[in-house]
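Heads up, the thing below is written out as structure tokens.
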Ligand SMILES: [Zn+2]
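Right, dumping it as structure tokens:
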């Protein structure tokens with residue numbers, strides 16, 4: 502059986518920042534798999550003293566958003582932050598000049 506890469510995973514690189522709609526967390530990608538990414542989440546370990554440990558987690562492609570690319574076209578150049586939602590989505594210079602109400606026409610993957 503051939504393993505097909507999830508369309509959202511194809512554009513994700515190690516080191517990209519992703520947001521999980523499921524956990525409402527941000528994390529940096531440690532490894533990329535065909536339908537999921539591995540991230541490390543800071544969690545409190547010991548009680549005395551309180552200790553932060555990094556716990557690896559697998560996040561499904563369906564649950565995440567890549568914040569390291571333009572949210573509309575997937576480009577990686579000349580990105581700036583879009584501040585409307587509280588989630589630090591990035592937008593490239595080209596998509597920034599498209600009025601927000603027309604954004605759906607330049608979306609190419611899941612928007
Ligand atoms: Zn763009």
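Numbering (my numbering), first residue to last: 502 to 612.
Ideal placement from N, C-alpha and C gives every residue a C-beta, glycine not left out.
In the three-state DSSP reduction, residue 574 falls in the coil class, being neither helix nor strand. Residue range 590–593 is occupied by the beta strand (DSSP E) that includes residue 591, with no alpha helix (DSSP H) assigned at that position.
Rounded to the nearest whole angstrom, the C-alpha separation of residue 513 and residue 576 is 11 Å. DSSP places residue 522 outside any beta strand (DSSP E), giving it a letter other than H or E. When C-alpha distances from residue 530 are compared across 583, 522, 503, 517, the shortest belongs to 517. Boundaries of the beta strand (DSSP E) harbouring residue 544: 537–545, taken from the DSSP string. The C-beta of residue 538 has 16 or more other C-beta atoms within 10 Å across all chains shown, which makes the residue buried.
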